[in-house]
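Report on the following structure.
Numbering (my numbering), first residue to last: -13 to 736.
This is how it looks when you write it as structure tokens:
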């Protein structure tokens, strides 16, 4: 392989020798050829030979008009197009080979002579057990040539099934990985971290992507190469695209002639478009040329809702779109809302913390058919309730919940670490693997850094000592971040001050990049935007700034699946820009934590803020003047102060929780009760308590109401009926954002 090439390009070969760690000539032609069965050496060698063959041919011909490479060959095609330098491309390929080489236990099967419909029938019938075990299509090379990937034993067993179904040949490939399948998720995550650091240049020549069967678009190369490990090679679709463009000749460069034979099949079976293409120059794996006096105009990039955000984020959770529904706090979500999202291929959370309206509710982790729906909010425990979060984690682990939204303003708690590390283990190659995920709401760079770092050793040691984690779980946890995914909440800098959304997103992204490098994480970290997303415009702005996903919260109170009564939804539908304000939060009430709430049609913000002022200026409830106390007990608490405190203390004793001592702590206990109950009153439309409804939401609700009712709003405006479903709101926001971004890119190219 590569005879005569290495002498022509001594400088590049010397560079390759240094990067690969062995002389490339010896790998291809000499004594080291035995090492080519190892992915870590084979892939760099193939890239080098393909690149040098292109350079040799390029001396004789002009630059090609189309480039295409099969699987690894796509990297050589990107080199030929000028998107990658030789050294950068080789380093990427070497890293790819090393990462894939560690993904053991898989296999691949080439199936020849079985048409696609007969193959599908065999997979749905006698091969269904193997498909259920994880076998899937990895390459669709031609109508009767397909490559399958999956667990080695399942792939081997499937060969006999397909031979019986009429396959002319079933060949087990000499590889140890299940390439181009979901089984590469771990490797793809690790490789994605490296891809984010590469600055891909715009291709000078269209390079057809294996993933989309269309030319790579500027700015999307790294994302598609990440998906390349997870998605099948659409080779036949790629050849169809080239035939539609009028291509009528191909030259294969590189070892072997398999791809040239596939092109011959395409010439026979696929109609050709306008006859304006002809061979001109070589390219790695293939070289194609389109002639004609006029160059083709570069197409305007197509932006769809499914392509917004990070593909690796969508792949991690099996989502259709990079869109989440947060809990919004105080239990305003519901299991029905979470399940509705799951049926739509989306994910959401609801608050089941003790002391909230959703406490004790089922999580709704899956929906019929097994689609992932979401999980629950796990938040910082209110003062005086030290065992509450532990009980919540016990319940989540017992239900098999594998993801939670974290609302911990002081950083990761002991119980959050226990949830994250439960079930974590080291795989056969010694790499840490997590089975549970944390999506953390963060309000600043330092706060984000605490979640994007591994748990503190002292916390892990204590969990092992107490029997809450095994030694293996703790060992894996020391090499995993507490949260792989964080989203910025600029509206609550620990619920006391605000920040600029764009600036906060950029700062946290830098923190994530630094953490990935410092700790050598194998899976990508994602940063999303949560505060202020109430319509297509704000979502488009977030994605334009680099958000990997967006989160909506309070606007989902308006969804038909929300537990909020219709009368309350009508109140929310009238909220405008001046109709929200700040109120004390029940958790960390004593420290002055605040939340955004609706103030239209309710006295809750005014009453709650007055309670906070009284708490700050008095050491005991009895120190407050008698007139004010009478008003509080009649209009706010609805009962005598001492009666309320005695009842609350009795509940704490019955639950085995500490009972606050001292008059000031008793005052805080009673005032927190009001803050917690006000959310429950709103959800169940408590008679006589409409003046005390607490509805958490920020200015995004005003944006939602304005944009949804505006004439000519992008997408299907959620203005009543089924479009007010939680999935309808999500589709309206994401479709509108994609339209706005596409319109902006189109305008930039005019």
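All C-beta atoms, glycine included, are put in the ideal place defined by N, C-alpha and C.
- According to the DSSP assignment, residue 81 belongs to the alpha helix (DSSP H) that extends over 72 to 87.
- The three-state reading of DSSP puts residue 413 in coil, since its state is none of H, G, I, E or B.
- Taking the Cα positions, residue 15 is about 17 Å away from residue 4.
- Each of 514, 560, 378 was checked against the Cα of residue 310, and the nearest Cα belongs to 514.
- Looking from the CA of residue 78, the closest CA among 60, 67, 548 belongs to 60.
- The residue from 56, 109, 142 with its alpha-carbon nearest to that of residue 125 is 56.
- When the alpha-carbon of residue 324 is set against those of 468, 711, 568, the nearest one is in 711.
- Here DSSP, grouped into helix, strand and coil, assigns residue 258 to coil.
- Residue environment: residue 160 is assigned as exposed (fewer than 16 neighbouring CB atoms within 10 Å of its CB, all protein chains considered).
- Distance from the CA atom of residue 86 to the CA atom of residue 198, rounded to whole angstroms, is 22 Å.
- Bridge pairing for residue 383: absent [DSSP].
- Judged by beta-carbon spacing, residue 312 lies beyond the 8 Å limit of residue 401, meaning their Cβ atoms are not closer than that value.
- Per DSSP, residue 680 has no beta-bridge partner at all.
- Under DSSP, residue 565 shares a beta bridge with no residue.
- Look at the region 642 to 675 and you find these whole runs of alpha helix (DSSP H), each 4 residues long or longer: 649 to 669.
- DSSP places residue 127 inside the beta strand (DSSP E), whose first and last residues are 122 to 128.
- Beta-bridge analysis with DSSP links residue 570 to 580.
- In this structure residue 475 is buried. Its beta-carbon is surrounded by 16 or more other beta-carbon atoms within 10 angstroms.
- By the neighbour-count criterion, in which a residue is buried when 16 or more other Cβ atoms sit within 10 angstroms of its Cβ, residue 396 is exposed.
- When C-alpha distances from residue 163 are compared across 258, 137, 208, the shortest belongs to 137.
- Residue 524 is not a Cβ neighbour of residue 725, given a cutoff of 8 Å.
- Taking a contact as a CB-CB distance under 8 Å, the pair residue 594 and residue 631 does not count as one, their CB atoms being some 18 Å apart.
- Each residue's CA atom was taken as its position, placing residue 10 and residue 39 some 14 Å apart.
- Relative to the Cα of residue 181, the nearest Cα in the group 302, 504, 510, 299 belongs to 510.
- Boundaries of the beta strand (DSSP E) harbouring residue 471: 471 to 474, taken from the DSSP string.
- The beta carbons of residue 144 and residue 174 sit no closer together than 8 Å.
- When 321, 82, 304, 221 are compared, the shortest CA-CA separation from residue 547 is found for 321.
- Membership of residue 467 in any alpha helix (DSSP H) is not indicated, and neither H nor E is assigned to it by DSSP.
- Restricting attention to alpha helix (DSSP H) runs no shorter than 4 residues, the region 499 to 530 encloses them at 522 to 530, ordered along the chain.
- Bounds of the beta strand (DSSP E) holding residue 156 are 155 to 158.
- For residue 414, same chain residues with a beta-carbon under 7 Å away, outside a window of 5 residues either side, are 90 in chain order.
- For residue 94, the uninterrupted beta strand (DSSP E) segment begins and ends at 92 to 98.
- Here residue 158 is exposed. Its C-beta has fewer than 16 other C-beta atoms within 10 Å.
- Selection 142, 68, 382 evaluated against residue 202 yields 68 as nearest (Cα-Cα).
- Residue environment analysis places residue 722 among the buried positions, since at least 16 neighbouring C-beta atoms fall within 10 angstroms of its C-beta.
- Inter-segment contact for the region 27 to 46 and the region 110 to 119 is absent: fewer than three beta-carbon pairs are separated by less than 8 Å.
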